[in-house]
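Following: one structure in structure tokens, then a few remarks.
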Amino acid sequence: MFTSQTSGQIEAIHSMMASGHRSVYMERHTLFLWGLATAGLILIIPIIFSPEHFPITVIRAAGSTTTIAIILMLIGYLDFRKIKLNRENRDETISFIQTQITKVWWLLVSLIVLINLAMHFYGGGYMFYSLLLTLMGLALYIHGLFSKQMLSYAGIMMIMLGLVSIGLRLPFPIIQWLCIFCFGLGWPILGITFNSSVVSSTYINRILFSLCWLAIIIFPTLVIYQFNELKSAPSGNTISLAQFKQENKEYVNKEEIISLSAGTTVPLIIELTGDVFSGINKITLPMLLSESLDVVLQDGKLDGRFRVSNGSWKEYKYNYRIRNYLLTPNLSKKNGPQVNLKLHISTNN
Amino acid sequence: MDALTNINLNTILHQPVRTRIVAYLSTRGESTFNELKKVLEVTDGNLDSHLKKLLSVKYIASKKQAGIKGKQQTLYTLSKTGELQFGNYIEDLKRLLSPQFSTKK
């Protein structure tokens, strides 16, 4: 009798301490604010801070990072103020644990901003949106551990999206659209539904909702990517390189496809500079095309669209990568000082 | 029975509602009257009397804080004394659950 009373008292203490720990919850507006702002930034920043508008890397990096940081700080402030107001209206407080989780959230957001800055100088931009999905997924997952389980499920889905997009080497524009739809559509939908008792009542319901949520993000991504692919297919006539060289006409609002057959010589002009080198730094390598290549001329200038061996049309800025970059300095008695440079140019993501 | 009587359970904390208030505040940090009422599922009067009891022995502290709109909020936190007494109380409960007492039913 006495032991059962004591056990009951200890159980009550455990239960209340757990309640204190789990007294964290995400306000609906948080997912709307952060989601829409992030989607907006993903859409706008690459357009405003493009290499065409800001050719100097330092200025482009500083400009985009400062803009992102200011907007996110503003969003963070608005979010915090709205949370405080909501809690005050309900005569509630922000718990100690929630304050700590907010700090982790901010830490992950700061990490994303820093990665964005670093990638301007050290490369790896292809991975940025995958990292964004993974890190913000982690932020949701951590929040969900202390509040609503549905947030953890959505966090896991985002982490999986981020990792799978890199693992499957998805084209850069697809990952970008995934991010836009995940934050711009997925987060507001999550904001509306994550509190629903129907959605989070059972394990099966949570899994089903997570899969539906994933489909809501993936489906429009595929539609818009397909639409862009169709739009990027050129409508002009196809002519050979020889015909193009013989042509003598003005190009006004005209689209033309130039077909370069396999074996065509493409001089690759390499210009190298460095703080310890001087002298001739420009060489031309007579590269041969291993496969046929079609390029599009718009008003007499390359517009960036291409296709390899009659495959699908691609945009140059999204579909080339330099892989296996290796710079090896050597010093031998036979050759003296020597620097070997190896790199592999790929048009396939 | 002698050993059992040697353990003097804290009479302030050895009351279900007060134990739960102190346990909740120990992990929650600070809390308002409404939050405590919602978690403990007790009436205003009941909660008020238990809070007054805990305040009188300085196990908890209260402070008034102005919000964004200027609205005053009363926040309850666990004091150092309360933290210490709560720790001792849990130790006493554990001792009561130890094998030497479990036979005393």
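For the record, the sequence lines run as chains A and B.
Residues 1 to 349 in the numbering used here are what the first sequence spells out, letter by letter.
Residues 1 to 105 in the numbering used here are what the second sequence spells out, letter by letter.
Built from N, CA and C at the ideal position, the CB exists for glycine as well.
Cα separation between residue i and residue j?
| i | j | result |
| --- | --- | --- |
| Asn34/B | Leu96/B | 34 angstroms |
| Lys104/B | Asn8/B | Model confidence at Lys104/B stands at a pLDDT of 47, short of 50, so the residue's coordinates are unreliable; what they give is reported in the following sentence. Between Lys104/B and Asn8/B, the C-alpha separation is close to 16 angstroms. |
| Asn86/A | Gly35/A | 19 angstroms |
| Met1/B | Val104/A | Since pLDDT at Met1/B reaches only 44, below the 50 mark, its modelled position is unreliable, and the value read off the structure follows with that caveat. Using only the alpha carbons, I get a separation of about 52 angstroms. |
| Gly124/A | Phe172/A | 12 angstroms |
| Met158/A | Leu133/A | 6 angstroms |
| Thr43/B | Lys37/B | 7 angstroms |
| Gly70/B | Gln15/B | 36 angstroms |
| Ser201/A | Met17/A | 23 angstroms |
| Ser19/A | Leu111/A | 31 angstroms |
| Gln149/A | Arg28/B | 19 angstroms |
| Gly76/A | Lys82/A | 10 angstroms |
| Ile207/A | Tyr153/A | 8 angstroms |
| Glu247/A | Glu315/A | 26 angstroms |
| Met127/A | Met160/A | 14 angstroms |
| Ala3/B | Lys84/A | Unreliable positioning characterises Ala3/B in this predicted model, as indicated by a pLDDT of 47, which lies under 50. A coordinate reading is not provided. |
| Ile218/A | Leu268/A | 39 angstroms |
| Phe121/A | Val22/B | 53 angstroms |
Quick test of your reading: residue i and residue j, contact by CB under 8 angstroms. State the CB separation rounded to the nearest angstrom.
| i | j | result |
| --- | --- | --- |
| Leu54/B | Arg18/B | 6 angstroms |
| Gln9/A | Leu40/B | At roughly 15 angstroms, the Cβ-Cβ gap does not stay under 8 angstroms, so Gln9/A and Leu40/B are not in contact. |
| Ser79/B | Ala61/B | 5 angstroms |
| Gly162/A | Leu140/A | About 12 angstroms; that fails the 8 angstroms criterion. |
| Tyr89/B | Leu13/B | 5 angstroms |
| Gly263/A | Leu289/A | 6 angstroms |
| Thr238/A | Ile257/A | 4 angstroms |
| Lys63/B | Gln72/B | About 10 angstroms; that fails the 8 angstroms criterion. |
| Phe181/A | Pro220/A | 5 angstroms |
Residues of chain B with CB closer than 8 angstroms to the CB of residue i, please, in chain order.
| i | result |
| --- | --- |
| Glu92/A | Thr32, Asn34, Glu35 |
| Ser147/A | What Ser147/A touches in chain B: nothing, since even the nearest Cβ is about 14 angstroms away. |
Using the beta-carbon of each residue, which ones in chain B are nearer than 9 angstroms to residue i?
| i | result |
| --- | --- |
| Glu315/A | Within chain B, no residue comes near Glu315/A; the closest Cβ sits about 48 angstroms away, beyond 9 angstroms. |
| Lys84/A | Gly67, Ile68 |
Thinking just about the alpha-carbon of each residue, which of the options is nearest to the one in residue i?
| i | options | result |
| --- | --- | --- |
| Ser31/B | Ile269/A, Arg90/A, Lys342/A | Arg90/A |
| Ala233/A | Glu255/A, Tyr153/A, Pro55/A | Glu255/A |
| Val113/A | Ser147/A, Gly155/A, Ile45/A | Ile45/A |
| Ala69/A | Tyr25/A, Thr38/A, Phe96/A | Thr38/A |
| Ala84/B | Ser98/B, Lys58/B, Ile68/B, Asp48/B | This sequence places Leu at residue 84/B; Ala is not what is there. Residue Lys58/B is the option with its Cα nearest to Leu84/B. |
| Ser98/B | Gly236/A, Thr6/A, Ile257/A | Thr6/A |
| Tyr25/A | Thr99/A, Ile48/A, Leu41/A | Thr99/A |
| Asn195/A | Glu11/A, His14/A, His29/A, Ser15/A | His29/A |
| Thr65/A | Asp275/A, Phe227/A, Asn116/A, Asn237/A | Asn116/A |
| Ser147/A | Leu170/A, Ile101/A, Met160/A, Phe121/A | Ile101/A |
| Leu327/A | Lys334/A, His344/A, Thr193/A | His344/A |
| Glu291/A | Asp299/A, Gly300/A, Phe306/A | Phe306/A |
With DSSP collapsed to three states, give me the class of residue i.
| i | result |
| --- | --- |
| Pro329/A | strand |
| Ala3/B | Any reading at Ala3/B must be qualified, since the residue scores a pLDDT of 47, below 50, and its modelled position is unreliable; the value itself is stated next. Ala3/B falls in the helix class under three-state DSSP. |
| Arg305/A | strand |
| Met364/A | The first residue shown for chain A is 1 and the last is 349, placing residue 364/A beyond what the model contains. |
| Glu256/A | strand |
| Ile239/A | strand |
| Lys104/B | Because the pLDDT of Lys104/B is 47, which lies under 50, any placement of that residue in the model is unreliable, and the number read from its coordinates should be weighed accordingly. Correct three-state label for Lys104/B: coil. |
| Asn248/A | coil |
| Thr32/B | strand |
| His120/A | helix |
| Val104/A | helix |
Taking Cβ-Cβ distances shorter than 9 angstroms, what residues in chain C pair up with residue i?
| i | result |
| --- | --- |
| Ala23/B | Among the protein chains of the structure shown, namely A and B, there is no chain C. |
So which residues of chain A does residue i contact, with C-beta pairs closer than 9 angstroms?
| i | result |
| --- | --- |
| Val39/B | Met16, Ser19, Gly20, Ser23 |
| Ile90/B | Ile10, Ile13 |
Output, in chain order, the set of chain B residues within a Cβ distance shorter than 7 angstroms of residue i.
| i | result |
| --- | --- |
| Gln298/A | The premise fails here: Gln298/A is roughly 55 angstroms from chain B at the closest Cβ pair, so nothing lies under 7 angstroms. |
| Ser7/A | Leu97 |
| Ser95/A | Arg28, Gly29 |
| Glu88/A | Gly67, Ile68, Lys69, Lys71, Gln73 |
Confirm the yes/no value for this check: CB of residue i, any heavy atom of the ligand HEM, distance under 8 angstroms.
| i | result |
| --- | --- |
| Met136/A | As presented, the structure is devoid of all ligands, the ligand HEM included, so that no description of it is given. |
Against residue i, what residues of chain A qualify as contacts under a CB-to-CB distance less than 7 angstroms, listed in chain order?
| i | result |
| --- | --- |
| Arg20/B | Ala12, Met16 |
| Leu93/B | Thr6, Gln9, Ile10 |
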